[in-house]
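Here's the structure we're looking at; comments come further down.
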Amino acid sequence: MTNIVRKMIENDKRELRRLDKTAAKVEAFAQTMENLTDEELQAKTPELKNRLQNGATLDELLPEAFAVVREAAKRVLGLYPYHVQIMGGIVLHDGDIPEMRTGEGKTLTATMPVYLNALEGKGVHVVTVNEYLATRDASEMGELYNWLGLTVGLNIASKTPEEKRAAYACDITYSTNNELGFDYLRDNMVVYQNQMVQRPLNFALVDEVDSILVDEARTPLIISGQAEQSTAMYTRVDTFVKGLRDEDYTIDIQSKTIGLTESGIDKAEEHFRLENLYDLENTALTHHLDQSLRANFIMELDKDYVVQEGKVMIVDQFTGRIMDGRRYSDGLHQAIEAKEGVEIEDESKTMATITFQNYFRMYKKLAGMTGTAKTEEEEFREIYNMQVTPIPTNRPIMRIDHADLLYPTLRSKFNAVVEDIKNRHREGQPILVGTVAVETSEMLSQMLAREGVPHEVLNAKNHFKEADIIMNAGQKGAVTIATNMAGRGTDIKLGIGVKELGGLAVIGTERHESRRIDNQLRGRSGRQGDPGVSQFYLSLEDDLMRRFGSERIKKMLDMMKLEEDETVIQSKMLTRQVESAQKRVEGNNYDTRKNVLQYDDVLREQREVIYGQRYEVITGEKDLREVILAMVERTISRVVDTHTQDDDKANWELQGIVNFADTVVVHEGDVRVSDLEGKSAEEIKTFLYERAVAVYEQQVSHLQSEAQVLEFQKVVILRVVDNKWTDHIDEMDQLRQSVGLRAYGQNNPLVEYQTEGYKMFEDMIGAMEYEVTRLFMKAQIHQNVQREQVASGEAQHPELEKGEGVVSADQKRKPITNRDNPYANVGRNDPCPCGSGKKFKNCHGRNL
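Counting in my numbering, the sequence shown runs from 846 upward without gaps.
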């Protein structure tokens, strides 16, 4: 045994001894709590709250508070937490992860740390993987919390903002991870503080933590707005791709990437009448081609996605569930819609985005529970600073886990699976069959139907019946086919007489690319000391074996030359080889998630700056004069610096400064070239700033009260910040797509993204301040400025004139002439005269 493994085991043992000791302190209160009347036990909640306010810590209150919940659970729910559940609860309170096997009562375990932390009144979020579990747990465990005098809220997608606000205001809030993340993003897009729904993020307890913080961490949450329509191109490209033959493209099985071969490129150039497909001007077309190739030849119907009611719905590869409301990004979803012949929805533009890693790391304390976290221990420690502690089972595990069976072909494997199911069903033993994809579950269902075996199918197409189907999966003679982790969170309880038959039999038709998913399937059997059995069937044609299978296995099987329907191999050696392949895939997936996080970390710093400033504006109750004038001063400074770079004053572009002053900071004609001649750059800045302050005071004088001044200031800042920020996010998204190619030039794409992203952010801040300056100085002031109209886009920038009482520019847009437009003679690719650092076509050229 290596030193590192020995050290880990010793650490676990030491931690278990500590937990055991603290749990004993909790149990020491048992008799005291049992002797209390209901009223006396309920009075413990205000008593503990008072002790907290008087300086006691949560750690000091833990033994007594946990004992209160245990006794209350016995009286309200008829459940009494075991010693090992108390140990799990202590780990959760510490902000770590107890690894507790399926059936060990994680939901009840969570009640103790949730109650203790809710006493602070700062809010506890209990996070689940789907709305069914959130609703169920809020209802069932809510009885316990309500009885103890705490409030419980439920936050799901169908709730109105008012209902969400009420749910978040409760002591304990049950929610899905998606809804929490989206609420956070939406809160940072509102225009009034009272429209926000969340409180500051305090303590999150994540159920099925590996599913939420690991499996779903590869896909960021995105709020999108509508972008340009280009559906015709998707259809045109799809028609071309469908006509390709095998020799026209090549697929890399391991990385699941695809590209055109020489013959494919020739066909594309002929079809689209191009001289060179990869000319710079054909970038948009090649992007559409790449996505259409992926859609047609890599993305599989009923495995990666399903089509329901004319819509393409993504299937979560880890859970087998439909990911409602999620769409593939970068045009892939539209390419699949074209492939399937359904209506192609408009492309979208990213307006707000965050990864689950960065969202959950904002909580003051984060904890999670699952039956399978040890394999991802390193990731939890590195990214979330959470330790994984395996908790012993309440009773010894009696399940028998057989070594894997390997067959040469898919056909021979499934024939053996069906035969096994028939034999076990004949005896009355309940069977849970796990499949990796929807199509596999449906194919197996057809095979069983032909053999006359009654069964239930649970996959992404009927996941709303999930709990009912899973609850009955342990009854005598029940045969249930489920994709992956279906039914997670719902116990499979054995029916009468099933223990004598050997308990629940779990049959895996394929190894998943993650060991955790296989362990979760196994863990459905053998709960609380029940008997059970698990068996995985593999074939050399399985996806995992084709992509990562060991050459040693293949060579050995070739030498044995067994008949197709014979069992090729069953041994621990095979299981080890498969798990070694899974470790490689897990390593790849971890790298992918880490990569997503590293890129989002760049955006996180920027997001925190913008959201922080935005929050200060929304919640501000004092005049924002200093904030706006500071922006005016920095804008003037940037523009003057741009036009006075030459050491020889004779070459300074004073007319450019005058044009800027006329357009942005003063009334037209107030500043002339003669006013600037002979002054140093600093003197010019001071001169223009003094003129700008005078115009500012004049603008403000049109408003009748301080409240109106503040509202006008907020309108201008919020409108500009939101416009520029959403544009910036979209540009960062495009940069993220493009920097990957720079690896070919021996450049690190992440470093390039960080460097350019920082420069783009600086440019955006400059453009933001320029626009606030221009809008504030040049707007006509009406009474009763309406912030909602500005924020919703009813009042469009730059005029901002729709709706009564909204700001409007003092010069309506009119035909451009050289005389009244300082930008008229600027080339599209020249630097913009405003000093933003962007090309003219990407800056003020867009408005003209």
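Where a beta carbon is used, it is the ideal one built from N, C-alpha and C, also for glycine. Computed from a predicted structure; not experimentally measured.
When burial is assigned at 16 or more other CB atoms within 10 Å of the CB, is residue i buried or exposed?
| i | result |
| --- | --- |
| residue 1315 | buried |
| residue 1087 | exposed |
| residue 1409 | Confidence is the limiting factor: at residue 1409 the pLDDT is only 49, short of 50, which leaves the residue's position unreliable and the question unanswerable from this model. |
| residue 879 | exposed |
| residue 1592 | exposed |
| residue 966 | exposed |
| residue 1668 | Caution applies to residue 1668, whose pLDDT of 46 falls short of 50 and renders its modelled position unreliable; the value that the coordinates give is listed next. Buried. |
| residue 1137 | buried |
| residue 1341 | exposed |
| residue 805 | Since the first residue of the chain shown is 846 and the last is 1693, residue 805 is not available in this structure. |
| residue 1247 | exposed |
| residue 1045 | exposed |
| residue 1176 | buried |
| residue 1318 | buried |
Please tell me whether residue i and residue j are closer than 9 Å, where the distance is taken between their beta carbons.
| i | j | result |
| --- | --- | --- |
| residue 1354 | residue 1262 | yes |
| residue 1385 | residue 1251 | yes |
| residue 1146 | residue 1185 | yes |
| residue 1367 | residue 1240 | no |
| residue 922 | residue 961 | no |
| residue 1238 | residue 1373 | yes |
| residue 981 | residue 1228 | no |
| residue 1502 | residue 1562 | no |
| residue 972 | residue 963 | no |
| residue 1055 | residue 1104 | no |
| residue 1536 | residue 1516 | yes |
| residue 901 | residue 934 | no |
| residue 1223 | residue 1382 | no |
| residue 794 | residue 1349 | Residue 794 is absent from the model: the chain starts at 846 and stops at 1693. |
| residue 957 | residue 1010 | no |
| residue 1191 | residue 1102 | no |
| residue 1029 | residue 1207 | yes |
| residue 1463 | residue 1038 | yes |
| residue 978 | residue 1000 | no |
Apart from the five residues just before and just after residue i, which ones in its own chain have a Cβ nearer than 6 Å to its Cβ?
| i | result |
| --- | --- |
| residue 1481 | 1530, 1533, 1534 |
| residue 1479 | 1614 |
| residue 1085 | 1116 |
| residue 1133 | 1078, 1082 |
| residue 1526 | 1485, 1489 |
| residue 993 | 890, 917 |
| residue 1507 | 1513 |
| residue 1656 | Reliability fails at residue 1656, whose pLDDT of 27 lies under 50, so the model's placement of it is uncertain and the value that follows must be treated cautiously. Around residue 1656: no qualifying Cβ. |
| residue 1540 | 1511, 1622 |
| residue 1280 | 1286, 1328, 1354 |
Just to confirm my understanding: we take residue i, look at its own chain, exclude 5 residues before and 5 after, and list those with CB closer than 8 Å. What are they?
| i | result |
| --- | --- |
| residue 1492 | none |
| residue 1444 | 1581, 1595, 1598 |
| residue 1181 | 1140, 1144, 1150, 1157, 1173 |
| residue 1431 | 1220, 1221, 1358, 1359, 1360 |
| residue 1008 | none |
| residue 1609 | 1569, 1570, 1572, 1573 |
| residue 1453 | none |
Looking only at its own chain, which residues have a Cβ that is under 7 Å from the Cβ of residue i, when we skip the five neighbours before and after it?
| i | result |
| --- | --- |
| residue 940 | 1210, 1211, 1212, 1231 |
| residue 1156 | 1187 |
| residue 1225 | 942, 1218, 1231, 1233 |
| residue 1032 | 1041, 1042, 1043 |
| residue 1109 | 1089, 1093, 1094 |
Tell me whether residue i, by its Cβ, gets closer than 8 Å to a heavy atom of the ligand MG.
| i | result |
| --- | --- |
| residue 941 | Within the structure as shown, the ligand MG is missing, as the structure has no ligands at all. |
ask   = Which residue spans inside the stretch 1352-1399 form an unbroken beta strand (DSSP E) run of at least 3?
value = 1376-1384
query = What runs of the alpha helix (DSSP H), each 4 residues or longer, lie entirely inside the stretch 1246-1334?
reply = 1255-1272, 1283-1295, 1311-1316
task = Specify whether the stretch 1436-1451 and the stretch 1193-1207 touch according to this definition: at least 3 beta carbon pairs, one from each stretch, less than 8 Å apart.
result = yes
query = On the three-pair Cβ rule with 8 Å, is the stretch 1569-1584 touching the stretch 1605-1624?
reply = yes
message = Give the list of continuous alpha helix (DSSP H) stretches no shorter than 4 residues that lie fully inside the stretch 964-1002.
response = 976-992
task = Count the CB pairs spanning the stretch 904-920 and the stretch 1007-1025 that are closer than 8 Å, and state whether there are at least three.
result = no
message = Suppose only complete runs of 4+ residues qualify. What are the alpha helix (DSSP H) ranges in the stretch 1494-1572, listed by chain order?
response = 1499-1505, 1518-1521, 1526-1546
request  = Can you check the stretch 1058-1139 for any beta strand (DSSP E) of at least 3 residues that lies completely inside it and give the ranges in chain order?
outcome  = 1066-1071, 1094-1097, 1102-1105
key: Contained beta strand (DSSP E) runs [length at least 3] in the stretch 891-948, N- to C-terminal order   = 942-944
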